[in-house]
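Chains as they are written, first to last, in my numbering: chain F, 942 to 1213; chain A, 942 to 1213; chain W, 942 to 1213.
Each residue gets a CB set at the ideal place from its N, CA and C atoms; glycine is no exception.
None of the values given here were measured: they were computed from a predicted structure.
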Amino acid sequence: MKECLENVRRKAPLVHNITNYVTVNDVANVILAIGASPIMADDREEVEEITSLCEGLNINIGTLNQRTIEAMHLAGKKANALQHKILLDPVGAGASALRTKTALSLMKEVHFDVIRGNVSEVKALALGSQSTKGVDADAVDVVREENLQKMLFFAKKYAQSFGTILAITGAIDLVTDGEKAYVIRNGCQEMSRITGTGCQLSGLISAFLAANPENALEAVAAATCAMGLAGEIGKGRLLEGEGNATYRNRIIDAISLMTGEELEKGAKYEIR
Amino acid sequence: MKECLENVRRKAPLVHNITNYVTVNDVANVILAIGASPIMADDREEVEEITSLCEGLNINIGTLNQRTIEAMHLAGKKANALQHKILLDPVGAGASALRTKTALSLMKEVHFDVIRGNVSEVKALALGSQSTKGVDADAVDVVREENLQKMLFFAKKYAQSFGTILAITGAIDLVTDGEKAYVIRNGCQEMSRITGTGCQLSGLISAFLAANPENALEAVAAATCAMGLAGEIGKGRLLEGEGNATYRNRIIDAISLMTGEELEKGAKYEIR
Amino acid sequence: MKECLENVRRKAPLVHNITNYVTVNDVANVILAIGASPIMADDREEVEEITSLCEGLNINIGTLNQRTIEAMHLAGKKANALQHKILLDPVGAGASALRTKTALSLMKEVHFDVIRGNVSEVKALALGSQSTKGVDADAVDVVREENLQKMLFFAKKYAQSFGTILAITGAIDLVTDGEKAYVIRNGCQEMSRITGTGCQLSGLISAFLAANPENALEAVAAATCAMGLAGEIGKGRLLEGEGNATYRNRIIDAISLMTGEELEKGAKYEIR
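Set out below in structure tokens:
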């Protein structure tokens, strides 16, 4: 994990993000905090050119619209042609037919190296379910110790059927390429009370992937551990009277200060 | 007021927001901080479906455009059909004909449970005035102790003519359904030097309304007291050398930590 | 410099911003922090009216699209007709043909009082180069003590050929009207690891210009010194364990607390 993070800092990859306007600033700042460089562009006339300059592409379908959906397709195909690493964050898949349809259509036309979402979103992609509660995971769907075996089985199965690395994040995070799986227990519950921690993780994963193309599965796991660990460090630094907004800042602070050693030591995962 | 806040925390309503891209992140974070869940979506193809999943709808016309105006109409009508609680924040009404026209057209086609704006915006809706200075209230229009009687009269009159609860916010906040009025003296002047405190309040009100549908007037007043009280608490926690940006964070911190008792005790209002 | 800042606080000019959705919230907050008022609007149907209400216009081409490009042209022409001060921030010029073309087309149809960018962006405008690395300056292009003479020569030449005040910002900032140049050594390297410090500076410059129309060159230099000085003050206030996100807040805090005296004393510049 140490080396994965150090590669991000050393190579400082440029990551193209087509993402929602809710959390875009946090995504840019967390990518800078980890040592990479973000660029945001979503107009059809420039996305292919912008993605060509970059080493990675992060497509996040939150607050999508007709204009940006077209840009996602164009950028994704271009990134595939250039063999850049690409991530899909299917925010709210299952919450509307447009989101499920857009994610599935992207998955059909573009090869994604990683898909990262919560259980509800991943299930919507796998099953066409529309039972999602907004953009948060259904309570019944959350990965827990009690259903870990079952969820691991599904995660591996979906990763295989999607032909991608799958990162299902929640209380326990699962990162798998369909064969090997990282079960990650970093992070804390309070992270779900801040908007954009999922989007930020997708940004981080994109940076880790771009800097570690030969070692994709570990890179995705390392980014996931880093985000969770930052959540733990940030929580530990909260003083009395400090709440959600300060916590949001403390998480990005922790990302910007995190060393490879710190990640290596703080990462809590097992391989299954 | 205590119960209104506790209902938000207990019911955790999902609130659909069609809002401007300037303050959207703060709106999402403050809705999470109070214990509800935000979802942002503004494409015509999905807004009806998204609003159907939710318990409340917050329409804010800042940075509006042709695409999002259409989405506001679609979502508003759907929310009406489902009897969801709806708020209109007419940001900048009076500053451009497009904003005034859009707000008036929405008010014609959609029933709003609450309209929240500053005095200039509300006057623009009532009178078709175009004298607004940007998105902030004209100095002459601000509700003060000296003109309170007159402003209360206008607030009640407009609430009646709009057929809605009206929240006119400023140094003194007025919340009225046309009969009963809350005169609220929470908050502090520094809040106007941070972008989005008004938009955040509209998000909070939407969450309080969705969680307290049977008790709408008190819910709007409680949300307004909560925002002002958070401004007071945040100001009290500022250390030397801390300015606007830290203040912004302290306000959301205070919202996330606020208990029903704290709100009950700190709310400064009289009923007129 | 002192008087330039005090004029902003005293006149509180209203600044119209057509800017990217990545850093728009920071731009609004920094404009409020310096004592001016921001308004964001980008729809063709309202931009002329909105810009008419204001004293300054800030056009930033980050995350541009066909819809907002048209709005930039309309607002720019209107602001020219009204003799308002206008700034162009050519974010990512050189990174895509669309951005270079849009900036050049705006420069042809609209007179800008100031263009502010990094060396790569300014070179792209001057040379039509497409060698930019994303939205950050190429390492080879950065203004340093060793190449200062050469860079000053180019800055003055481009300012003359563009017919504008040019602010090339980086480790050393150059502000010139083609005759006189301010060489500014405020700021610190860490500012480049936070998204939007450049966009924020463009917002500040717009506010300083609007409040000091008779004294434009000094106003641009004063805003540039203020941003750099805020970066220094913010860095000095960081505690152990605080990183990028807290730093971002500390910079805006410092802007909000900065007095004319503090700026006068802390500004590090020479005139060449």
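How is residue i classed by DSSP in three states: helix, strand or coil?
{"i": "Thr1105/F", "result": "coil"}
{"i": "Arg1213/F", "result": "coil"}
{"i": "Asn958/F", "result": "strand"}
{"i": "Asp1114/W", "result": "strand"}
{"i": "Gln1071/A", "result": "Reliability fails at Gln1071/A, whose pLDDT of 46 lies under 50, so the model's placement of it is uncertain and the value that follows must be treated cautiously. Here Gln1071/A sits in coil by DSSP."}
{"i": "Pro1154/A", "result": "helix"}
{"i": "Met1048/W", "result": "helix"}
{"i": "Ala1163/F", "result": "helix"}
{"i": "Asp1194/F", "result": "helix"}
{"i": "Val1127/F", "result": "The amino acid at residue 1127/F is misidentified as Val; the sequence shows Asn. In the structure shown, Asn1127/F sits in coil (DSSP, three-state: anything other than H, G, I, E or B)."}
{"i": "Met942/A", "result": "coil"}
{"i": "Ile972/W", "result": "helix"}
{"i": "Ile1207/F", "result": "The question names Ile, but residue 1207/F in the sequence shown is Gly. Here Gly1207/F sits in helix by DSSP."}
{"i": "Met1132/F", "result": "helix"}
{"i": "Met1092/F", "result": "helix"}
{"i": "Val1084/W", "result": "coil"}
{"i": "Arg1189/F", "result": "helix"}
{"i": "Met981/W", "result": "strand"}
{"i": "Ala953/F", "result": "coil"}
{"i": "Gly1175/F", "result": "helix"}
{"i": "Val965/A", "result": "helix"}
{"i": "Gly1184/A", "result": "coil"}
{"i": "Gly1119/F", "result": "coil"}
{"i": "Gly1137/A", "result": "coil"}
At a cut-off of 7 Å, would you count residue i as near the ligand NAD, judging by its Cβ distance to the nearest heavy atom?
{"i": "Glu944/W", "result": "No copy of the ligand NAD occurs in the structure displayed, which carries no ligand at all."}
Are the beta-carbon atoms belonging to residue i and residue j less than 8 Å from one another?
{"i": "Asn1001/A", "j": "Pro979/A", "result": "no"}
{"i": "Asp1082/A", "j": "Val1060/A", "result": "yes"}
{"i": "Ala1162/F", "j": "Asn1153/F", "result": "no"}
{"i": "Val963/W", "j": "Thr1136/W", "result": "yes"}
{"i": "Leu1107/F", "j": "Ile1174/F", "result": "no"}
{"i": "Ser1197/W", "j": "Asn999/W", "result": "no"}
{"i": "Leu1039/F", "j": "Asp984/A", "result": "yes"}
{"i": "Glu1205/F", "j": "Lys952/F", "result": "no"}
{"i": "Ser1037/A", "j": "Glu990/W", "result": "yes"}
{"i": "Asn1185/W", "j": "Asn966/F", "result": "no"}
{"i": "Gly1003/W", "j": "Thr960/W", "result": "yes"}
{"i": "Leu1015/F", "j": "Asp1054/F", "result": "no"}
{"i": "Thr1165/A", "j": "Thr1110/A", "result": "yes"}
{"i": "Ala982/F", "j": "Val956/F", "result": "no"}
{"i": "Leu1145/F", "j": "Met1168/F", "result": "yes"}
{"i": "Thr1187/F", "j": "Asp1194/A", "result": "yes"}
{"i": "Lys887/W", "j": "Gly1119/W", "result": "Residue 887/W cannot be examined here, being either before or after the span of chain W that is shown, 942 to 1213."}
How would you label residue i, buried or exposed, when you count the other beta carbons within 10 angstroms and need 16 or more for buried?
{"i": "Arg1170/W", "result": "Here residue 1170/W turns out to be Leu, not Arg, going by the sequence shown. Buried: at least 16 other Cβ atoms inside 10 Å."}
{"i": "Gln1130/A", "result": "exposed"}
{"i": "Ala1034/F", "result": "buried"}
{"i": "Thr1009/A", "result": "buried"}
{"i": "Ile1212/F", "result": "exposed"}
{"i": "Gln1141/W", "result": "buried"}
{"i": "Glu996/W", "result": "buried"}
{"i": "Gly1069/W", "result": "exposed"}
{"i": "Lys1049/F", "result": "exposed"}
{"i": "Ser1046/A", "result": "exposed"}
{"i": "Glu1062/A", "result": "buried"}
Pull out every residue of the region 1122-1143 of chain W whose Cβ sits closer than 9 Å to any Cβ of chain F, in chain order. Ser1133, Arg1134, Ile1135, Thr1136 and Gly1137: these are the residues of the region 1122-1143 of chain W whose beta carbon lies less than 9 Å from some beta carbon of chain F, given in chain order.
Counting only Cβ-Cβ distances shorter than 9 Å, please list the residues of the region 1177-1196 of chain A near chain W, keeping chain order. Answer set for the region 1177-1196 of chain A: Gly1182, Glu1183, Gly1184, Asn1185, Ala1186, Thr1187, Tyr1188, Arg1189 and Asn1190.
Between the region 972-992 of chain F and chain W, which residues of the former have a C-beta closer than 8 Å to a C-beta of the latter? Per Cβ criterion, the list reads Leu973, Ala974, Ser978, Pro979, Ile980, Met981, Ala982, Asp983, Asp984, Glu986, Glu987, Glu990 and Ile991.
Can you list, in chain order, the stretches of the alpha helix (DSSP H) that have 4 or more residues and sit fully within the region 992-1051 of chain A? Runs found: 1007-1022 and 1038-1050.
Looking at chain A, which residues of the region 952-970 of chain W have a Cβ within less than 7 Å of any of its Cβ atoms? From the region 952-970 of chain W, only Leu955, Tyr962, Val965, Asn966, Ala969 and Asn970 have a Cβ closer than 7 Å to chain A.
Determine which residues of the region 1002-1027 of chain F have a Cβ less than 8 Å from any Cβ of chain W, and write them out in chain order. For the region 1002-1027 of chain F, which is checked against every Cβ of chain W, the residues closer than 8 Å are Arg1008.
Chain F contacts made by the region 1031-1043 of chain W, where a contact means CB separation under 8 Å: From the region 1031-1043 of chain W, only Gly1033, Ala1036, Ser1037, Ala1038, Leu1039 and Arg1040 have a Cβ closer than 8 Å to chain F.
Please list the residues of the region 1040-1070 of chain F that have a C-beta atom closer than 9 Å to any C-beta atom in chain W, keeping them in chain order. Only those residues of the region 1040-1070 of chain F whose C-beta falls short of 9 Å from the nearest C-beta of chain W would be listed, and there are none.
Can you give me, in chain order, the residues of the region 1081-1115 of chain F that have a beta carbon less than 7 Å from any beta carbon in chain W? For the region 1081-1115 of chain F, which is checked against every Cβ of chain W, not one residue is closer than 7 Å.
If you measure beta-carbon to beta-carbon, which residues of the region 1197-1211 of chain F are closer than 7 Å to chain W? Listed in sequence order: Ser1197 and Leu1198.
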